[in-house]
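Student:
Protein chains in written order, with this note's numbering: chain A, 22 to 244; chain B, 537 to 907.
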């Protein structure tokens, strides 16, 4: 098959491959969303804790940093020993790679909040939790969102690796295409994964702008 | 209600655990309702620490602090702070909130209804002469002076009886600072809040204060008195040095022209004969006279010209180059005297009504007598 014909055979893409492309695409989205969501739910309290107790930040980044350095394929293989070729295995791997990025984003976002705004807020009678939710987190949002974008785009790429345990969304096409010397499958799997990453990244940028109107050009121009 | 609004009794604060030198050591101070007390002193004198203990941003190590007779150390600090206006040098407007929302901060925290907040914002816009257009902007879009005014307006939002102000006009240029000070003095005249004001600038202290507490290292109160008294009778060398040179001039800045006796000066009318006019000048030892018809100041004529005519009306009076009003300070009057060509005196008028003259001699007597 390989070597003959065009790199991408669009007839097959819109024909025989189409139903699976659609279902794998949604699996890809699903794995990404779940991994980032779970990652955020774990990172958020840890980051808040690290922000309030500086001593905790070192150990937390050490552990999540270690997770980050383990080769994804190795971790995947290791976890199949416990959870088999399951969704759980895939999600644990994907999630663990988001933690370091997300925690760092949240902590550096929070520590970048201007001290004068915090002092004034405290002086006006904000309680600690009001301060966190109404002052610190909104002001940290641009940095937190930057972390979220990196984590999401990284995850979209990483999902393809989980094809090795039969998950992997669009990665399935890449792996299968590689084994079958089928360039159409490799290319369309990679292309769609790339498009997904770009679209999601742009969407997150737009969402961030909408959520932080005070950082608009008009507001910045006057400073 | 007693007239003491804030009282600090034997208050100490040490930031170090192992008995290092205290930032504030055994400080006692009382502030009366409606007065502006300025804490002033060199850096490290504990003035800001002292102020921050009043809203418990800094917890005293020992001693008691009462606001309106209530021991604040037994109060919930968050509730306490909502009831005390707070302005800091860097202002600390919340960058992610519009000016309107910034001003509404404390009203919202204490649960005011939407309508009441709106009404209060309208009042504050009027009091502080804010541009309504600014309300929907973000802090970054405002100038330094505008931000400063919003910061003070925000602190006054729930009309707290007590205000703490930490170098509130420190972050703007001198010209804007003066305008803000004047505006705030004007507003305070109406509101009569109890204000604790921290600054390192003795001139600002003299201008803003009803009473000044001059602090030395460790929060030692070197003198606690009215600006007038501190300038007239500095309690010791530390105060004398801190107040600095030009004590006499600074005191002049505290006295209004209306508060001193003004001499009538050499006054003639258009109808006065030149003989009488010359006699008036001679009697008072002047070379010129003010021409005043029915209380209205026309200008001045000098002896040389009068000698050549029969009545004053034949000489066109020349306008005075410098006027001061009753609202002017003696320092301004002095400035007018030394910079005006018209000899040593300044005519005090309200509108064009002639009130009298101030001479250099009269002003200098004011400094000497007050001693």
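We put the CB at the ideal spot given by N, CA and C, even for glycine. Note that the structure is a prediction, hence the values are computed from the model and not measured.
Would residue 503 (chain B) and residue 145 (chain A) qualify as a contact pair, given that the criterion is a beta-carbon distance under 9 Å?
Tutor: Lying before the first or after the last residue shown, residue 503 (chain B) is absent from chain B, which here runs from 537 to 907.
Student: Sort B:567, B:542, B:732 and B:738 by Cα distance to residue 764 (chain B) and report the nearest one.
Tutor: Nearest of B:567, B:542, B:732 and B:738 to residue 764 (chain B), Cα basis: B:738.
Student: Where residue 230 (chain A) and residue 860 (chain B) are concerned, what is the direct C-alpha to C-alpha distance, given to the nearest angstrom?
Tutor: When rounded, the distance between both Cα atoms is 56 Å.
Student: Quick one, which of B:741, B:805 and B:649 has its alpha-carbon nearest residue 849 (chain B)'s?
Tutor: Residue B:805 is the option with its Cα nearest to residue 849 (chain B).
Student: Scan the region 573-655 of chain B and note each continuous beta strand (DSSP E) run of 3 residues or more that stays entirely inside, going in chain order.
Tutor: Qualifying beta strand (DSSP E) stretches, in chain order: 598-603 and 620-623.
Student: Would you list, in sequence order, the uninterrupted beta strand (DSSP E) runs of no fewer than 3 residues that lie entirely inside the region 716-804 of chain B?
Tutor: Listed in chain order, they are 730-735, 747-752 and 756-761.
Student: Is the Cβ-Cβ distance between residue 742 (chain B) and residue 789 (chain B) less than 9 Å?
Tutor: Contact flag set, yes.
Student: Can you list the residues of chain B that residue 148 (chain A) reaches, using a CB-CB cut of under 7 Å?
Tutor: Under the 7 Å cutoff, chain B gives 614.
Student: Following the continuous beta strand (DSSP E) through residue 836 (chain B), name the residue where it begins and the one where it ends.
Tutor: Residue 836 (chain B) -> beta strand (DSSP E) spans 832-838.
Student: Assuming residue 846 (chain B) is part of the alpha helix (DSSP H), what are its boundary residues?
Tutor: Looking at the DSSP string, residue 846 (chain B) is not in any alpha helix (DSSP H), and its letter there is neither H nor E.
Student: Are the C-beta of residue 164 (chain A) and some C-beta of chain B separated by less than 9 Å?
Tutor: So no, residue 164 (chain A) is outside the interface.
Student: Mind checking if residue 123 (chain A) is an interface residue toward chain B, Cβ cutoff 9 Å exclusive?
Tutor: Chain B contact via Cβ: absent.
Student: Taking Cβ positions only, does residue 639 (chain B) come closer than 9 Å to chain A?
Tutor: So, not an interface residue.
Student: Measure the alpha-carbon distance for residue 182 (chain A) versus residue 96 (chain A) and round it to whole angstroms.
Tutor: Their backbone Cα atoms lie some 11 Å apart in a straight line.
Student: Just to make sure I have the definition right: I need the residues of chain A whose C-beta is within less than 8 Å of the C-beta of residue 618 (chain B). Which are they?
Tutor: Within 8 Å Cβ-Cβ: 145 and 146.
Student: Under 9 Å, Cβ to Cβ, is there at least one residue of chain A near residue 538 (chain B)?
Tutor: Answer no: the Cβ-Cβ gap between residue 538 (chain B) and chain A never drops below 9 Å.
Student: Taking three-plus beta-carbon pairs below 8 Å as touching, is the region 623-637 of chain B in contact with the region 670-683 of chain B?
Tutor: Contact holds: three or more Cβ-Cβ distances are below 8 Å.
Student: Along the region 656-684 of chain B, where does the CB come closer than 9 Å to a CB of chain A? Name the residues.
Tutor: Cβ contacts with chain A: 673, 674, 675, 676, 677, 678 and 679.
Student: Roughly how many whole angstroms lie between the Cα atoms of residue 897 (chain B) and residue 787 (chain B)?
Tutor: Each residue's Cα considered, the two are about 16 Å apart.
Student: For residue 631 (chain B), go through chain A and note every residue whose CB falls closer than 8 Å to its CB, in chain order.
Tutor: Under the 8 Å cutoff, chain A gives 135, 138, 160 and 235.
Student: If distances are taken between C-alpha atoms only, which option among B:695, B:767 and B:658 comes closest to residue 635 (chain B)?
Tutor: If we check each option's Cα against that of residue 635 (chain B), B:658 comes out closest.
Student: How many whole angstroms separate the CB atoms of residue 597 (chain B) and residue 548 (chain B), which I take to be in contact at a CB cut-off of 8 Å?
Tutor: That belief holds up - the Cβ atoms of residue 597 (chain B) and residue 548 (chain B) are roughly 5 Å apart, short of 8 Å.
Student: Candidates B:692, B:791, B:762 and B:677: which alpha carbon is nearest residue 660 (chain B)'s?
Tutor: For residue 660 (chain B), the nearest C-alpha among the options comes from B:692.
Student: Based on Cα-Cα distance, which residue from A:132, A:209 and A:89 lies nearest to residue 161 (chain A)?
Tutor: The residue with the shortest Cα to Cα distance from residue 161 (chain A) is A:132.
Student: Ignoring anything shorter than 4 residues, give me the alpha helix (DSSP H) runs that lie fully in the region 74-138 of chain A, in order along the chain.
Tutor: The qualifying runs are 75-90, 93-104 and 108-132.
Student: Go ahead and pull the three-state DSSP assignment for residue 218 (chain A).
Tutor: Of the three classes helix, strand and coil, the one that applies to residue 218 (chain A) here is helix, per DSSP.
Student: Below 8 Å, can you find three or more Cβ-Cβ pairs linking the region 210-219 of chain A to the region 161-178 of chain A?
Tutor: Output reads yes: the region 161-178 of chain A touches the region 210-219 of chain A.
Student: Using beta carbons (cut-off 9 Å, strictly below), is residue 142 (chain A) in contact with chain B?
Tutor: Judged by the 9 Å Cβ criterion, residue 142 (chain A) is in contact with chain B.
Student: Distance cutoff 9 Å, beta carbons only. Does residue 752 (chain B) sit that close to anything in chain A?
Tutor: By this cut-off, residue 752 (chain B) is not an interface position.
Student: Where does residue 234 (chain A) land, buried or exposed, given buried means 16+ other C-beta within 10 angstroms?
Tutor: It is exposed - the Cβ of residue 234 (chain A) has fewer than 16 other Cβ atoms within 10 Å.
Student: Along chain B, which residues have their Cβ under 7 Å away from the Cβ of residue 226 (chain A)?
Tutor: Near residue 226 (chain A) there are no residues of chain B at all, since even the closest Cβ is about 18 Å away, more than 7 Å.
Student: So, with DSSP's three-state summary, where would you put residue 550 (chain B)?
Tutor: It is coil, neither helix nor strand.
Student: Which word fits residue 541 (chain B), buried or exposed, when buried means at least 16 other C-beta atoms lie within 10 angstroms of its C-beta?
Tutor: Answer is buried; the Cβ neighbour count reaches 16.
Student: Under 7 Å Cβ to Cβ from residue 143 (chain A), same chain only, skipping five residues before and after it: list those, please.
Tutor: Contacts found: 152.
Student: In the DSSP assignment, find the beta strand (DSSP E) that holds residue 502 (chain B) and state where it starts and stops.
Tutor: In the structure displayed, chain B extends from 537 to 907; residue 502 (chain B) sits before or after that span and is not available.
Student: With a cut-off of 8 Å, do at least 3 Cβ pairs link the region 579-592 of chain B to the region 111-124 of chain A?
Tutor: Touching, no.
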